[in-house]
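Here the protein sequences line up with chains A and B, keeping their order. According to our numbering, the first sequence holds residues 1 to 194 in order. According to our numbering, the second sequence holds residues 1001 to 1194 in order. Accompanying notes for the structure given below.
There are 2 protein chains.
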Amino acid sequence: MGRRSDHSRPELREMIVAEGHRQMLEVGFARFSAREVAKRIGYSIGTIYNVFGTYEGLILAINGRTLDLWRDYLEARLAGEHGDRLKRAVDAYFEFAVVNRHAWAALYDFRLPDDMEPPESYARQVTAIFEIVVAELVAVLPPERSEEAPALARSLLATVHGHCFFTMNGTFRILGETDPLAAALARVREAVRG
Amino acid sequence: MGRRSDHSRPELREMIVAEGHRQMLEVGFARFSAREVAKRIGYSIGTIYNVFGTYEGLILAINGRTLDLWRDYLEARLAGEHGDRLKRAVDAYFEFAVVNRHAWAALYDFRLPDDMEPPESYARQVTAIFEIVVAELVAVLPPERSEEAPALARSLLATVHGHCFFTMNGTFRILGETDPLAAALARVREAVRG
DNA sequence: TTTAATAATAGACAGTGTATAATTTGACGC
DNA sequence: GCGTCAAATTATACACTGTCTATTATTAAA
C-alpha cells in the first residue's frame, strides 16, 4: 500500500520494537515470530525485513529494549535507598528476571552468529547496567580500593547472573537450592570485604 | 522399509544421539535440525519422531550426552592432581566450554516449555557434576564446615558458570574483562576461606 | 503533471517440527 | 515354505518459519 503518512520510519521502527518486545514477554524467544509481530501491527513481513535487514537485527533491537528497561528498573529500585544498597541491587536484578521472565531469558537465549559482533549501541546498553554496579561498589569500597571497582563489578555481575540464571532455568531446583538470593548476596559480601 | 536387523531399538537411539551430538557440536542449537540428523544416519524424520516422541525429547538426550562428557572431562582432569585441585576444577569447567563451544551452549540455549520438567535421568546427570564439586569442597574445607559443602557447591557452580557464560557469550568482551578465569577463581577462594 | 524515490506488499523458496496413514520388514506357528 | 501378525519405517501432508525479489502503491519534488 506504500507509505503511510502517520508512520515515518523512526516511528515504524518503534512500533515494531514495542510489539516485538511485547511478544517476547508473552511467548519467549523459542516461539517468537517476526511474521506474527508484523501481523499484529498490520504490516507485512517484508516491511520488518526492510527496516531491520535481518532477523538478528530485530532481536538485537528487542533485547536492547529489555536492557534499557532493566537499567531503568535498577535505577528506580536504588533511588532513595540509603540502607543496604548492595542487597537492594541484587534483589532488583532477580526481580526483573522473574517479572520479565521470557524477555530476560531472550537476552541469553539469542546468540549472534560466530562471525558477527553486537552493534555499538547494544554494547552501550550493556555497559549502562555495568556502570550502575561500578558506582555502587565505589560507594561501598574503601577509597584505596576504588580502582578495583570495575573488575569487581564485572565479576560480581557474572556471579549474580550465574545465581539468577540457575534459578530461572531450573538448575537450582534440581540441586535443591532454596535461597539463591541469599547465596548470591553472600558471594557479593565476601568479595566486597576482600 | 521396516525393521533393520542390525539396529535394535537401543542401538538406534544411540545412533541418533551420537549423530545429533556431533551435529550440535558443529552447528549449534540455533541451526540444529532433527531432519538433518535423520538424513545423515540414513533414516527418515519419522523414525526420530517415533523414538524420541518430540523435539524436546531429542534435545534433552543430546544435552544429556554433553553433560556425561562434561562429567568425564572434569573427572579426568582432576585425576592425579594433588596440588591446587580447585583451580584445576575451574580450569576444566572453562576448558570444556571452550572446546565444546556449541554443545555446551546448547545446554543453556534450550529451555523446556514452562509446564514441562526435565526427566529424572537428566536431573541425575546434572547432579553428577554437582557431586564432583561437593567432594572437592569437602576435601578442602575444615571438617567442622563439611555440612556447608552442598550449599557452597551450588553457589560456586553458579558463580563459575556466570563467569564462563559471560566469557562465552561476549558480555565480558564488551565490559573489557581480560582474565575471567582468575576472577572466577578469586570468588571461589573467598567463599572457601569463608 | 510528470518524474523519481520511497514505502510497503505479495508471493515464492527452502527450510522446520509435527502428525498420520500406508508400507515394508522380521519373526513365529503351521 | 507359507501365511499371519505386530513392530519398525517411511512417505506424505500440514502449518509454520526466515529470507528474498519483483511489483505495486504512495508521496514529494521538478
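C-beta: ideal position from N, C-alpha, C; glycine also. Everything numeric in this text was worked out from a predicted model, so none of it was measured.
The alpha helix (DSSP H) with residue i in it runs from where to where?
i: A/H82; result: No alpha helix (DSSP H) contains A/H82, which DSSP labels as neither H nor E.
i: B/I1016; result: 1009-1027
i: A/M168; result: 149-168
i: B/G1057; result: 1055-1078
i: A/R40; result: 34-40
i: B/R1189; result: 1180-1193
i: A/Y122; result: 120-140
i: B/F1172; result: 1171-1175
i: A/Y49; result: 45-52
i: B/R1031; result: Taken as a continuous stretch (DSSP letters only), B/R1031 belongs to no alpha helix (DSSP H), as it is neither H nor E.
Have a look at residue i and residue j and give me their C-alpha separation to the nearest angstrom.
i: B/S1008; j: B/M1015; result: Model confidence at B/S1008 stands at a pLDDT of 48, short of 50, so the residue's coordinates are unreliable and nothing is read from them.
i: B/A1153; j: A/D179; result: 14 Å
i: A/H82; j: A/A128; result: 22 Å
i: B/R1101; j: B/D1084; result: 26 Å
i: B/I1062; j: B/P1142; result: 39 Å
i: A/N50; j: A/A79; result: 40 Å
i: A/L60; j: B/Y1055; result: 26 Å
i: B/T1066; j: B/R1124; result: 13 Å
i: A/G20; j: A/N169; result: 23 Å
i: A/D91; j: A/V98; result: 11 Å
i: B/E1177; j: A/R22; result: 33 Å
i: B/Y1043; j: B/R1013; result: 12 Å
i: A/A183; j: B/I1045; result: 45 Å
i: A/E11; j: A/D115; result: 31 Å
i: B/T1167; j: A/L185; result: 22 Å
i: B/F1052; j: B/L1086; result: 38 Å
Comparing C-alpha positions only, which one of the options sits nearest to residue i?
i: B/A1103; options: B/T1178, B/V1017, B/D1091; result: B/V1017
i: A/F172; options: B/E1177, B/F1166, B/E1117, B/A1183; result: B/E1117
i: B/V1160; options: B/L1181, B/D1114, B/R1022, B/V1037; result: B/L1181
i: A/G57; options: A/G170, A/E120, A/E147; result: A/E120
i: B/A1151; options: A/A34, A/V37, A/I174; result: A/I174
i: A/L69; options: A/V27, A/G176, A/L107; result: A/L107
i: A/L25; options: A/D115, A/A105, A/V126; result: A/A105
i: A/P113; options: B/G1028, B/P1113, B/E1148; result: B/G1028
i: A/A149; options: A/G194, A/Y122, A/D109; result: A/G194
i: A/G64; options: A/E36, A/V126, A/I41; result: A/V126
Any beta-carbon of chain B closer than 8 Å to the one on residue i?
i: A/T171; result: yes
i: A/E56; result: no
i: A/G20; result: no
i: A/E190; result: yes
i: A/E148; result: no
i: A/T66; result: no
i: A/L141; result: no
i: A/R35; result: no
i: A/R4; result: Residue placement at A/R4 cannot be trusted, given a pLDDT of 34 that sits under 50; what the coordinates show is reported in the next sentence. By this cut-off, A/R4 is not an interface position.
Which whole-angstrom value describes the C-beta separation of residue i and residue j, a residue pair presumed to lie in contact below a C-beta threshold of 8 Å?
i: A/A89; j: A/E136; result: 6 Å
i: A/L156; j: A/V188; result: 5 Å
i: B/A1076; j: A/R111; result: In fact, because the Cβ distance is near 28 Å, the residues do not count as touching under 8 Å.
i: B/F1094; j: B/Y1073; result: B/F1094 to B/Y1073, Cβ: 11 Å. No contact.
i: A/G162; j: B/F1165; result: 7 Å
i: B/T1047; j: B/A1038; result: 6 Å
i: B/V1138; j: B/S1146; result: 6 Å
i: A/R71; j: A/I132; result: 7 Å
Determine, using beta carbons only, whether residue i comes closer than 8 Å to chain A.
i: B/D1109; result: yes
i: B/S1155; result: yes
i: B/F1052; result: no
i: B/F1165; result: yes
i: B/V1126; result: yes
i: B/F1130; result: yes
i: B/P1119; result: no
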